[in-house]
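Be aware that the sequence shown starts at 496, since it is given in this note's numbering, and climbs by one per residue. So the structure is just underneath, and the comments pick up after that.
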Amino acid sequence: IAALAILPLVILWVGSGSGAAVAIVAYAAFFPILINTISGVKRIEPSLMRAALTMGLAPLTRMRVVLLPAALPSILVGMRIGLGIAWTAIIAAELAVGAKSGSSGGIGQMMFVFYAYSINLNGMVVCMIAVGIVAFALDRILRAALAFAVPWSQP
């Protein structure tokens, strides 16, 4: 189920504060990371695991030395995808919740205020550009982390 589809339930259960935002972000990012992690583990060459078993490595050592390094590229790609989905979900959730009196929200809430109260098109466009710039910067940071953490998977 899409993160925005469960937004009303999250607001009912957690409220419309930062708890709801954290829940939506966690939910939105969870499944891409999980699916990529499972995919990365499934793509590990069986010969690597057999070699680790032949050497008599303990299960935790096998996980740390063989499984994690082999699956890490897929896990980090899942994190990139999850970050993009979570970023979209949090902006949309802030737009859906709207402006609460006396609260300082994020960019999505600011866009809602520009639309609902003053119809300030310039402010909305600036917010849209800011959303794009932040998303681009976050993706570049994660790509640099990917290149640093798993240099063996880079082309």
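We treat Cβ as the ideally placed atom computed from N, Cα and C, and that holds for glycine.
Range covered by the alpha helix (DSSP H) that runs through N519:
Reading the sequence shown from its first residue, position 24 is the one you call residue 519. The sequence as given places Ile at residue 519; Asn does not occur at that position. I519 -> alpha helix (DSSP H) spans S513 to K537.
Rounded straight-line distance, which links the Cα of M606 to that of R559
Position 64 of the sequence shown holds residue 559. Position 111 of the sequence shown holds residue 606. Their backbone Cα atoms lie some 45 Å apart in a straight line.
Expected contact under 8 Å - CB spacing of I528 and G577 to nearest Å
Start at 1 with the first residue of the sequence shown, and residue 528 comes out as number 33. Start at 1 with the first residue of the sequence shown, and residue 577 comes out as number 82. Between G577 and I528 the Cβ distance is about 5 Å, and since that is below 8 Å, they are a contact.
Determine, using beta-carbon pairs with one atom in the region 561-578 and one in the region 634-647, whether at least three such pairs fall under 8 Å.
yes
When we look at the beta-carbon of S542 and count the other beta-carbons within 10 Å, is it buried (16 or more) or exposed?
What you label residue 542 is simply residue 47 of the sequence shown in a count that begins at 1. Classification of S542: exposed, given that the 10 Å Cβ count is below 16.
Would you please state the rounded distance, in angstroms, between the beta carbons of I519 and A584? I believe it to be under 8 Å.
The residue labelled residue 519 in the question sits at position 24 within the sequence shown. The residue labelled residue 584 in the question sits at position 89 within the sequence shown. Yes, they are in contact, since the Cβ atoms of I519 and A584 sit about 5 Å apart, within 8 Å.
I need the DSSP call for G579, collapsed to helix, strand or coil.
As a position in the sequence shown, residue 579 is number 84, starting the count at 1. Correct three-state label for G579: helix.
Please classify F569: is it buried, with 16 or more other beta-carbons within 10 angstroms of its beta-carbon, or exposed?
Position 74 of the sequence shown holds residue 569. The residue you asked about is not Phe; residue 569 is Ser in the sequence shown. It counts as buried.
The ligand NAP heavy atom lying under 7 Å from the CB of I636:
This structure simply doesn't include the ligand NAP, nor any ligand for that matter.
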